[in-house]
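All letters in the sequence shown, in the order written, are residues 1121 to 1413 by our numbering. Note that the Cβ used here is the ideal one computed from N, Cα and C, for glycine as well. Here the structure is a predicted model, which is why all the values come from computation and not from measurement.
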Amino acid sequence: MSRRIGIDLGGTKIDAVTLSAAGETLYEKRVVTPKTYEGIVAAIGALVHEAGGGSVGIGAPGSNSRVSGLWRNANILVCNGKPFQHDLEAVIGRPVRMENDANCFALSEAIDGAGQGYEVVAFFTVGTALGGGLVVNGKLVVGANGEAGEFGHTALPWPNESEWPLLPCFCGKAGCAEQYVSGTGLQRDHAHVTGEDISAREIVARARGGDAKAMASLARLQDRFARVAANIACVVDPDVFVIGGGLNELPELVEQLPPLISRYSFSGTAVAQVVRAKHGEKSGVRGAARLWD
Ligand SMILES: [Zn+2]
């Protein structure tokens, strides 16, 4: 099949795209995400029918349980515990491939984005949460449990005294990287240290304006990010770290990461590139379209 249809389910909108064999966009559409599970399934079905023939790849928050076949861990709560893939295949009438949305971002960036041409690509999407994905030789590494590349729920490495006690995570454990390296983490950390409860966006704006407290908060986030990256390097030693999500708007942070990663790396010399994602918010739907590649 040469035509590829991609669907990206988000909390507020659903994106659809059809790519030609050459990767050109043949069709694009965005609709508002319905509130109910049945509504979501119907909306995706309608988008695919309109997009026409071709393979169908779908990116969504959460993942498919290999054991039960039920969707889980999605922040679109109505999808959890449902046979999501089964129901979508029923309404679409063909087999679909489904992946976690961060994995779709990662695949898109590795194939024709900022990670193109690198063998091992570690992708982070840093927004409200911390998502991740791992691509090796152009193939998504999903893992036996579908948990590969869940960098947000690796532990914050080498915590210092000021970081104790570790922060609880919604996954039931404490000290997950997402609680520190995310917009939410930045806001909470800044409030904890300074007493100022302001948004991550405001912290960034103040830091750019030279506010010492905001600059210190950003520096802490950066140091933690570097530790997370250095820890991943001990497992797969990526050739490139690609950073997407809200932090993508902070080029200075991305540019300053390599020497910090070196400081924490086992060898003391981290040669991996750290680059900003290329495709922005279109990454998810483009990666979903490539799930059959
Ligand atoms: Zn967690």
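Query                                                                                                                                     : Result
Listed by chain order, which residues have C-beta atoms less than 5 Å from any heavy atom of ligand 1?                                    : H1273, C1289, C1291, C1296
Work out the CA separation of S1188 and L1341 for me, nearest whole Å.                                                                    : 37 Å
Under 6 Å Cβ to Cβ from Q1299, same chain only, skipping five residues before and after it: list those, please.                           : L1287, C1289, G1305
Just confirm the distance between the C-beta atoms of V1360 and L1254, as a whole number of angstroms; I'd bet it's less than 8 Å.        : With a Cβ gap of about 12 Å, V1360 and L1254 do not count as contacting.
Helix, strand or coil for L1411 per DSSP?                                                                                                 : coil
Classify L1254 as helix, strand or coil using the three-state DSSP reduction.                                                             : strand
Just to confirm the assignment: which complete alpha helix (DSSP H) runs, minimum length 4, are found wholly within the region 1362-1408? : 1371-1384
Just mark T1245 as buried or exposed, buried being the case when its beta carbon has 16 or more other beta carbons within 10 Å.           : buried
Using only the heavy atoms of ligand 2, determine whether one of them is closer than 8 Å to the beta carbon of V1301.                     : Of the ligands one can find in the structure shown, namely ligand 1, none is ligand 2.
Between which two residues does the alpha helix (DSSP H) containing L1167 stretch?                                                        : 1157-1171
Pick from Q1393, V1216, V1198, G1258: whose alpha carbon is nearest that of L1227?                                                        : G1258
I need the straight-line Cα distance from V1151 to V1405, nearest angstrom please.                                                        : 13 Å
Could you check the C-alpha separation between G1126 and Q1393 for me, to the nearest Å?                                                  : 29 Å
Run through DSSP, which three-state label would C1291 get?                                                                                : coil
Rounding to the nearest angstrom, what Cα-Cα distance links I1196 and G1388 in this structure?                                            : 41 Å
Quick one: is E1170 buried, meaning 16 or more other Cβ sit within 10 Å of its Cβ, or exposed?                                            : exposed
Helix, strand or coil: how does DSSP classify G1174 here?                                                                                 : coil
Look at the alpha carbon of A1249 and the alpha carbon of I1323, and state the distance between them as a whole number of angstroms.      : 17 Å
Within the continuous alpha helix (DSSP H) that includes A1332, where are the two ends?                                                   : 1332-1353
Smallest Cα separation from G1201: which of L1377, Y1157, V1395, G1330?                                                                   : Y1157
Counting only runs of 4+ residues fully inside the region 1302-1329, write out the alpha helix (DSSP H) ranges in chain order.            : 1303-1314, 1320-1328
Buried or exposed: where does A1270 fall if 16 or more other Cβ atoms within 10 Å of its Cβ makes it buried?                              : A small correction: the amino acid at residue 1270 is Glu; Ala does not occupy that position in the sequence shown. E1270 should be labelled buried.
Whose C-alpha, out of V1161, L1276, E1148, N1220, is nearest the C-alpha of V1261?                                                        : N1220
The alpha helix (DSSP H) with F1225 in it runs from where to where?                                                                       : 1221-1232
Give the straight-line distance between the Cα atoms of W1284 and A1222, rounded to the nearest whole angstrom.                           : 29 Å
Comparing alpha-carbon positions, which option in L1167, G1165, G1252 lies nearest P1181?                                                 : G1252
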